[in-house]
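In what follows, a structure is listed as C-alpha cells, so that the remarks can point back to it.
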Amino acid sequence: MGTKATNMPGMPGMAKAYERWVNANGGIKGRRLRVITCNEKNTPTGAADCARKAITEKAVAVVGSYSQHGRAFMAPLEAAGIPFIGGYGVSPEEFQSTLSYPVNGGQPALLAGAGHQLGKACSQVSLVRPDTLAGDTMPVLLNAGLKANGMPEASDIRAAEDSADFKPQAREALSSSPPAPAPAAPSGTTAATTPAPTPAAAAKAPKDPAKDPGKENRSCVTAVLGERTEIFFDAFRRVDTTRRTQISSVLGSISQALVDRTGGKDSPFEGAYVTSWYPVSTDPLWAPMRTMISEQAFGDDTVDPDDSGAQTTWIAYSVLHQIVQRFRSDEEITARKLSRALNQSPGVQTGNLTPELSWRYQDMRAVAGFPRLVNGRVSFQTVQSGRLIAQLGEQNLDMTPTLEQAPRSA
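If you count the sequence shown from 1, you need to add 245 to reach the numbering used here.
Structure representation (C-alpha cells):
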C-alpha cells in the first residue's frame with residue numbers, strides 16, 4: 246500500500262473484515278481467528294520483513310497476499326514451515342514452492358487467456374508490460390494463447406513500472422498496427438457483393454469478435470500495468486486519433502471501479518476486452534461475500550466487492566476456513582499440521598467461484614515453471630454500457646493445456 250506501483254489495500258481490508266465476520270459468528274469450529282497484516286511497500290526487503298513478522302507472530306498461514314517478490318518472502322516461510330494460501334499469482338514462486346497453495350491461475354492463466362481472447366479478434370497484438378522480472382514472463386505466456394489460435398507473436402513493449410509518461414509506449418504500440426483497410430474499388434470495375442442486412446436484422450444480430458470479418462485489419466493493444474494501466478490508455482487515446490484499435494487487459498489492471506471512475510458508459514474503456522479468473526462481480530455466486538462486506542466492512546472504501554484482490558482474499562480465507570474445520574476440536578493447529586492437511590486434502594469447495602481445489606501430488610500439472618498451477622480456469626469479459634459483463638459466445642476455459650505447450654518462462 247502507498248507505493249508508486251500497484252497497490253492492493255483491498256486484500257488486508259478484506260482479511261480484517263473476514264476476521265470480524267468469523268469471530269462474530271463463533272469463530273472457526275469454536276476457534277477465534279486472529280489476522281495480522283503487513284505492508285511490504287513493493288520491495289524485496291519489505292517482503293522478507295513481512296515473512297519474518299509472520300514467523301515471529303507464530304502465524305499458522307500467510308493468506309491472500311499480493312507480492313511480486315516471491316523469492317524474498319517464500320524462503321523464510323519455507324524455513325519455518327508456514328503455508329502460503331491464495332497469493333495473487335504475480336510471482337513464479339507461488340507456483341513452484343511446495344508450501345504455496347494458489348487458488349487461481351495467477352498471471353500465467355490470465356495472459357494465456359488474453360492471448361486466446363485476442364487471437365480470435367485481432368490480426369496483430371501489442372503487449373505493454375512492466376520492465377521487471379515479473380513482467381519478463383508476460384510475453385511468453387500471452388504468446389502461448391496467441392499461438393493456440395494461429396496468431397503471430399505479440400510486439401513486446403516495456404515500460405518502467407512507476408512511469409508517469411507512457412506516450413513513447415503508446416506510439417510504439419500504434420506503430421505496430423496493421424495498415425488501414427484497402428480503399429473501395431474505383432468506378433468502372435466490378436466486384437462480387439452480398440445484400441446488406443436490414444437495420445432490424447443488424448440490431449438483433451450479436452457481434453461475435455471471433456467471426457469479425459474485420460479481424461484481418463484489426464490491431465489490438467493489451468496493457469498489463471496494474472494501476473498504471475489507466476495512465477497508459479489515457480496516453481494511448483491521445484495518440485490513436487482514429488479509434489480503430491481494440492484495447493484489452495486483464496483482471497486487476499482493468500476493474501469495474503476503474504470503468505466507473507473514468508465515465509461509466511462514456512469511459513474510454515467501453516468495449517475493452519478483459520480476461521478474469523472469476524465470474525463477473527454481479528454473479529449471484531458472490532452473494533455470501535457481499536453479505537459479509539455489508540455486515541463487517543460497511544463504509545470501508547478499501548473493501549470493494551468488484552476488486553480482484555478482495556475476491557482472491559475471500560476465496561483464500563474460505564480455503565483456510567474449510568481446512569481448519571477438518572481438525573479435531575481439541576487438536577492444536579500449527580503451520581506444519583496445516584500444510585500437511587492441505588497436502589492431503591481431496592478437495593476444497595469455493596462455492597463454484599473456482600473449480601474444486603486440491604494440491605496433492607497427483608493434482609500437479611506439467612506447466613513448465615508453474616507446477617503448482619492447479620486451477621487454470623479463466624472467464625472472458627467485456628465492458629458494455631459501462632459494466633463488465635461476460636463476453637458473448639465465450640465460455641469459461643481451462644488454459645492449463647495451452648500453458649503446458651508453452652516454453653518455460655520462469
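Glycine included, C-beta positions come from ideal geometry on N, C-alpha and C.
Give the straight-line distance between the Cα atoms of residue i and residue j, rounded to the nearest whole angstrom.
i    : j    : result
L587 : Q594 : 13 angstroms
R489 : A296 : 47 angstroms
S553 : P616 : 23 angstroms
K261 : T343 : 27 angstroms
D549 : I560 : 14 angstroms
F318 : L372 : 29 angstroms
R585 : F340 : 18 angstroms
G390 : K365 : 10 angstroms
Q629 : N268 : 39 angstroms
M396 : G614 : 23 angstroms
D381 : F329 : 24 angstroms
Y523 : H361 : 16 angstroms
T604 : W531 : According to the sequence shown, residue 604 is Trp rather than Thr. Using only the alpha carbons, I get a separation of about 24 angstroms.
V335 : T377 : 11 angstroms
T579 : V305 : 5 angstroms
With DSSP run on the structure shown, which of helix, strand or coil describes residue i?
i    : result
D485 : coil
K452 : For K452, the predicted structure reports a pLDDT of 44, less than 50, and the residue's modelled location is therefore unreliable. A value from the coordinates is still provided. Of the three classes helix, strand and coil, the one that applies to K452 here is coil, per DSSP.
V335 : coil
F543 : coil
F241 : Outside the shown range of the chain (246 to 655) lies residue 241, about which nothing can therefore be said.
R374 : strand
F625 : strand
A317 : helix
L344 : coil
P442 : Below a pLDDT of 50, predicted positions are generally treated as unreliable, and P442, at 46, falls in that range; the measurement from the model is reported next regardless. If DSSP states are grouped into helix, strand and coil, P442 belongs with coil.
P426 : Bear in mind that the predicted position of P426 carries a pLDDT of just 45, short of 50, making it too unreliable to give a figure here.
C367 : coil
C295 : helix
T290 : helix
T435 : Only weak support exists for where T435 lies, its pLDDT of 40 falling under 50; the coordinates are left without a value.
Thinking C-alpha only, which one of the options is nearest residue i?
i    : options                : result
Q313 : L637, T579, G390, A292 : A292
R632 : S342, V370, V348, F514 : F514
G471 : A269, A325, P600, N287 : N287
K274 : L391, Y606, K510, E576 : E576
N349 : Y606, N597, L637, P652 : N597
R316 : L530, T290, D401       : T290
A379 : Q570, A404, V370, E398 : A404
S310 : G272, T467, T251, R276 : T251
Q491 : D505, L503, I499, G516 : G516
A399 : F411, A359, A409, P413 : A359
T534 : M253, G331, W266       : Thr is not the amino acid found at residue 534; the sequence shown has Met there. Ranking the options by Cα distance to M534, first place goes to W266.
R277 : V569, D546, R610       : V569
Kindly give me the distance between the Cβ atoms of residue i and residue j, rounded to whole angstroms, as I take these residues to be in contact under 8 angstroms.
i    : j    : result
V280 : E302 : The Cβ separation is near 10 angstroms, so there is no contact.
L419 : M383 : Contact flag wrong, Cβ pair sits at about 20 angstroms.
S464 : C367 : 7 angstroms
V484 : R416 : 6 angstroms
V307 : A320 : About 13 angstroms separates the two Cβ atoms, so there is no contact after all.
Taking 8 angstroms as the CB-CB cut-off, is residue i touching chain D?
i    : result
G554 : The question asks about chain D, but that chain is absent: this structure has only one protein chain.
Can you list the beta strand (DSSP E) stretches of 3 or more residues lying completely in the region 504-578, in chain order?
-> Runs of beta strand (DSSP E) with 3 or more residues, each lying fully within the region 504-578, are found at 518-521, listed in chain order.
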